[in-house]
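**Student:** Here it is: the structure, laid out below.
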Amino acid sequence: MKIISKLTVWLGILLAIAGTVVGLWGGWIAYRQFLALDALRSAPTDKPAWQLFAAGLALLLGGFLIGLGVGKTPKRVVTTTTTETPTTDA
Numbered sequence: 403m404k405i406i407s408k409l410t411v412w413l414g415i416l417l418a419i420a421g422t423v424v425g426l427w428g429g430w431i432a433y434r435q436f437l438a439l440d441a442l443r444s445a446p447t448d449k450p451a452w453q454l455f456a457a458g459l460a461l462l463l464g465g466f467l468i469g470l471g472v473g474k475t476p477k478r479v480v481t482t483t484t485t486e487t488p489t490t491d492a
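Numbering-wise (the numbering used here), the sequence shown opens with residue 403 and increments by one.
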């Protein structure tokens, strides 16, 4: 693996982790809002749209970078030479 590939994979992993954390944060905000509305209490209006958008973008970019960094190893053509011994039919 080349240095750029390793860097791309690690950057993708970090973005994927950050996207997961931000997504959980946005989900927690939405869940708190649901609990407040379910209990008929007033709560400050928080809309986690930006957090969820940022999480989706980070996960998308992280997955793309991981895919670029890992890549597919090219197939090598293996040439084999076989020596056949001539058979004599008597």
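Cβ atoms here follow ideal geometry from the backbone N, Cα and C, with glycine treated the same way.
State yes or no: is the C-beta of ILE468 within less than 8 Å of the C-beta of GLY414?
**Tutor:** Cβ distance < 8 Å, so ILE468 and GLY414 count as in contact.
**Student:** Do the CB positions of LEU426 and ALA460 come within less than 8 Å of each other?
**Tutor:** no
**Student:** Touch check for the region 427-446 and the region 476-492: three-plus C-beta pairs under 8 Å?
**Tutor:** no
**Student:** Can you give me the start and stop residues for the alpha helix (DSSP H) that ALA418 sits inside?
**Tutor:** It spans 405-440 - the alpha helix (DSSP H) in which ALA418 sits, taken as one unbroken run.
**Student:** Closer than 6 Å by C-beta to ALA456: which residues in its own chain qualify, once you throw out the five before and the five after it? Chain order, please.
**Tutor:** Apart from the 5 residues on each side of it in sequence, ALA456 sits with its Cβ closer than 6 Å to the Cβ of VAL424 in its chain, given in chain order.
**Student:** Would GLY473 pass as a contact of SER407 if the rule is Cβ separation under 8 Å?
**Tutor:** yes
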